[in-house]
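A.B. asks: After the structure tokens below, expect a handful of questions from me.
There are 2 protein chains.
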Amino acid sequence: MIKLSRTTDYGIVLMAHLAEREAGSVHNAREVAERTLLPAPMVSKLLKSLARGGLLVSNRGSKGGYSLARTPCEITVPEMIAALEGPIGLTECTIHPGACRQEASCHVREPWQRINQVVRDALSRITLADLSSPDFGAILPLTSVSANAANPANVGE
Amino acid sequence: MIKLSRTTDYGIVLMAHLAEREAGSVHNAREVAERTLLPAPMVSKLLKSLARGGLLVSNRGSKGGYSLARTPCEITVPEMIAALEGPIGLTECTIHPGACRQEASCHVREPWQRINQVVRDALSRITLADLSSPDFGAILPLTSVSANAANPANVGE
DNA sequence: ATTTACAGGACCAAATCAGTCCGATATGAT
DNA sequence: ATCATATCGGACTGATTTGGTCCTGTAAAT
């Protein structure tokens, strides 16, 4: 399905939670778990993944914890998804070219690659700042996406 | 992940295959399976789903088979996905509101609903005709999507 | 040294997915 | 009428993925 896994969903909630707190502040896994009402081991696991993905910086030891590696407006949705569940791709052959036996005779492959790019582009215009904005009145995501859609920014990677 | 299941992937390949054949022509499951090199029982199952979703019309009995219910340019990608794997939604709460315990305190829900809409809109501008075009030189999908706001005068790549 | 907290896996149960198979029913031809 | 052909609608199974937990090691601060 075109659905985020629950893991990813939770992970983004965590990121948004951190984004709402004071910039540069450090929070440990237990605290985040309590505040978000999510199971602690799960939170721990997710924060680790996000740190490994370079979106959080981790500080070990007493007084340790996690903080955002960049400002919320510098962190995009596809980055978070990639950190949590690996590369984004609508079809298998986007991620692992050659794994599909029908690849040679497949007529829909190239169109899908394009579609994949469209979706990715749309998502990459949405940042963590958009998601965690307490005042959601200024709906940046939607407007920025449909406005910039006319600009074929980064097609071709 | 933001990934189509293999089922959906195959299903769309089948649709594209039918779209490439003569309009209104009828093809049975076995024939489609042979042509697409996909396992026959699987093809049968997928065609059934697509028929139930109203994208194909089925004819029973001898000389029976499936044919497109509409012209390729009237069938969109989200329709196919929906027929093959149910309603599209990036998050659980898009599809089943109320199922998530954190819903009340969730700060990212509404933004996600918007994002979901953006993705769906992008996909619904892509039709089966775009996917099955034998001459893929005219890359309709991407340009039609990215040029939606402005006038699609020149399609320079 | 002790406590706190992350790092990195191993691990398991549950759910989903891919794929198969079967009996029932409808249609066309003989 | 009968038979062959196809879809219809399930049930069913094995494999994979996911969600979630737990444990051992390591780094930092007091």
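So the sequences go chain by chain: D and C. Quick note: to get our numbering, add 28 to the position in the first sequence (first position is 1). Quick note: to get our numbering, add 28 to the position in the second sequence (first position is 1). The beta carbon of each residue, even a glycine, is placed where N, CA and C say it ideally should be. Please read all numbers here as calculations on a predicted model, not as lab measurements.
Closer than 8 Å, CB to CB, is residue 164 of chain C near chain D or not?
C.D. replies: For residue 164 of chain C, the predicted model reports a pLDDT of 45, less than 50, meaning its position is unreliable; a value from the coordinates is still stated below. Taking Cβ atoms only, chain D reaches closer than 8 Å to residue 164 of chain C, which makes this a yes.
A.B. asks: Just to confirm before moving on: does the CB-CB distance between residue 104 of chain D and residue 155 of chain D stay below 8 Å?
C.D. replies: Yes, Cβ-Cβ distance for residue 104 of chain D and residue 155 of chain D is below 8 Å.
A.B. asks: Going by C-alpha distance, which of C:81, C:152, C:159, C:143 is nearest residue 32 of chain D?
C.D. replies: The residue with the shortest Cα to Cα distance from residue 32 of chain D is C:143.
A.B. asks: Taking C-beta to C-beta, are residue 83 of chain C and residue 108 of chain C nearer than 8 Å?
C.D. replies: Their beta carbons are under 8 Å apart, which means residue 83 of chain C touches residue 108 of chain C by this criterion.
A.B. asks: Could you round the C-beta distance between residue 77 of chain C and residue 39 of chain C to whole angstroms and report it? I think they count as a contact, below 8 Å.
C.D. replies: The Cβ separation is near 7 Å, so the contact holds.
A.B. asks: Where does residue 93 of chain D sit, in a helix, a strand or coil, going by DSSP?
C.D. replies: Looking at residue 93 of chain D - three-state DSSP - the assignment turns out to be strand.
A.B. asks: Buried or exposed, going by whether 16 or more other CB atoms sit within 10 Å of the CB of residue 55 of chain D?
C.D. replies: Burial call: buried.
A.B. asks: Roughly how many angstroms separate the alpha carbons of residue 114 of chain D and residue 123 of chain D, rounded to a whole number?
C.D. replies: Whole-angstrom Cα-Cα distance: 10 Å.
A.B. asks: Give me the subset of the segment 129 to 142 of chain C whose CB atoms are less than 8 Å from a CB atom of chain D, sorted by chain position.
C.D. replies: Cβ contacts with chain D: 129, 130, 133, 134, 135, 136, 138, 139, 140, 142.
A.B. asks: Check each candidate in C:112, C:136, C:101, C:98 and name the one with the smallest Cα separation from residue 71 of chain C.
C.D. replies: The option with the nearest alpha carbon to residue 71 of chain C is C:112.
A.B. asks: What residues are listed by DSSP as bridge partners for residue 87 of chain D?
C.D. replies: In the DSSP output, where bridge partners are listed per residue, residue 87 of chain D has D:93.
A.B. asks: Does the beta-carbon distance from residue 150 of chain D to residue 127 of chain C come in below 8 Å?
C.D. replies: No; because the gap between Cβ atoms is not below 8 Å, this pair is not in contact.
A.B. asks: Going by DSSP in three states, residue 45 of chain C sits in which element: helix, strand or coil?
C.D. replies: Helix.
A.B. asks: So, is the C-beta of residue 73 of chain D closer than 8 Å to a C-beta in chain C?
C.D. replies: So, not an interface residue.
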